[in-house]
Amino acid sequence: MSQQLRSVSCVAAMASNRGIGNKGKLPWPSLRTPPRGSHHVCDSVLSAVKMLSAPPFSSTVEEVFVLGGTEVYREAIESSFCHRIYLTEIDKEFDADAFFPTFDKSRYKLISNPSDVPEGVIEENGVQYRICVYERKV
């Protein structure tokens, strides 16, 4: 019997030029810090999902989030187990050497008024952004 793989969600912040990083760091002033207890556990998305889909993790890890970089996001988004993309779209261009991959929006739909994220344009430290949630179409 094959193992049922868990779904994952990608979480990213992207500048208007799709920039997500510069020289290994965020290219903008930090808007938020990662939540306490976050873990980076993978050398590939598939190996991490397989590990987290089996005991003991399958009963102790509530949600699985992919936090990048470019190729990790691409692997997750193109896989069958990526359920959602939480994409913070920053209304400013920043110097970047790493970019969020384009993705097939015919496979993901923009969710209007998701209950788990703030709505509309938000401003912090003089930077405006919005949080968009894309969900895989079934």
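Numbering follows full-length UniProt numbering, with no gaps: position 109 of the sequence shown is 109. Ideal Cβ placement from N, Cα and C applies to all residues, glycine included. Please read these numbers as outputs of a predicted model, since none were measured by experiment.
**Assumed close pair residue 20, residue 100 - CB separation to whole angstroms, cut-off 8 angstroms** = 5 angstroms
**Message:** Could you tell me the alpha carbon to alpha carbon distance between residue 17 and residue 9, rounded to whole angstroms?
**Reply:** 22 angstroms
**beta-carbon residue 78 near the ligand ATP non-hydrogen atom, thresh 6 angstroms** = Looking for the ligand ATP in the displayed structure turns up nothing, as the structure carries no ligands at all.
**Request:** Taking residue 59 as part of the alpha helix (DSSP H), name the residues at either end of that continuous run.
**Result:** In the DSSP assignment, residue 59 falls within the alpha helix (DSSP H) that extends over 57-60.
**Item:** Cβ separation of residue 60 and residue 98, assumed to be a contact under 8 angstroms, to the nearest whole Å
**Value:** At roughly 32 angstroms, the Cβ-Cβ gap does not stay under 8 angstroms, so residue 60 and residue 98 are not in contact.
**Asked** Would you report the Cα separation of residue 48 and residue 84, rounded to the nearest angstrom?
**Response** Distance from the CA atom of residue 48 to the CA atom of residue 84, rounded to whole angstroms, is 17 angstroms.
**Prompt:** Where do the N-terminal and C-terminal ends of the beta strand (DSSP E) with residue 87 fall, by residue?
**Reply:** 82-90
**Message:** For the alpha helix (DSSP H) containing residue 46, name the first residue and the last one.
**Reply:** If you look at residue 46, you'll find it in the alpha helix (DSSP H) that goes 45-52.
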